[in-house]
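Residue numbers (my numbering): 1026 to 1182. A virtual CB, placed ideally from N, CA and C, is assigned to each residue, including glycine.
Okay, structure coming up:
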């Protein structure tokens, strides 16, 4: 996995209020959006490959089918975000808050989830192969491909 601290951004957008903006299908790869306010934005099918979203506010954002490979989402706020069928390989989610988010069918291989809050998120049919630091307590994890070394146990309620 590349060191996200050495990403050269091709575009640096001002950290401003971009809530609700429609960026569907837009190429935002290598873009610096550190601390950006993107709540409830529409970014379906957008390309955020190697984007720097450290500390960004993505509450309720629609990122279905987006390509977010190698992005930096450390300390990002993703509460209630829609990330189903997104390609999120090699993403750093360390210390991010992604509670109540939908990761169903997402490709999450080799991601870093250290200290990430994933409570009540949906990982149905997600692929977590090679990911580290993930805490699956309190998440919907039906039919997932877990990281190596994880054994899923059904708990009776």
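A distance below 7 Å between beta-carbons, with the five flanking residues on each side excluded, links residue 1111 to the following residues of its chain, in chain order: 1088, 1089, 1090, 1091, 1093 and 1131.
Around the CB of residue 1162, fewer than 16 other CB atoms lie within 10 Å, so the residue is classed as exposed.
Collapsing the DSSP output to three states places residue 1144 in coil. In the structure shown, residue 1102 adopts extended strand secondary structure according to DSSP, grouped into three states. Non-local beta-carbon contacts of residue 1122 in its own chain, meaning distances under 8 Å to residues more than five positions away in sequence, involve 1101, 1102, 1103, 1104, 1141 and 1142 in chain order.
Contact annotation, residue 1106 with residue 1078: C-beta distance approximately 11 Å; criterion of less than 8 Å not satisfied.
Between the C-alpha atoms of residue 1048 and residue 1158 there is a straight-line separation of about 31 Å.
Relative to the Cα of residue 1127, the nearest Cα in the group 1138, 1149 and 1117 belongs to 1149.
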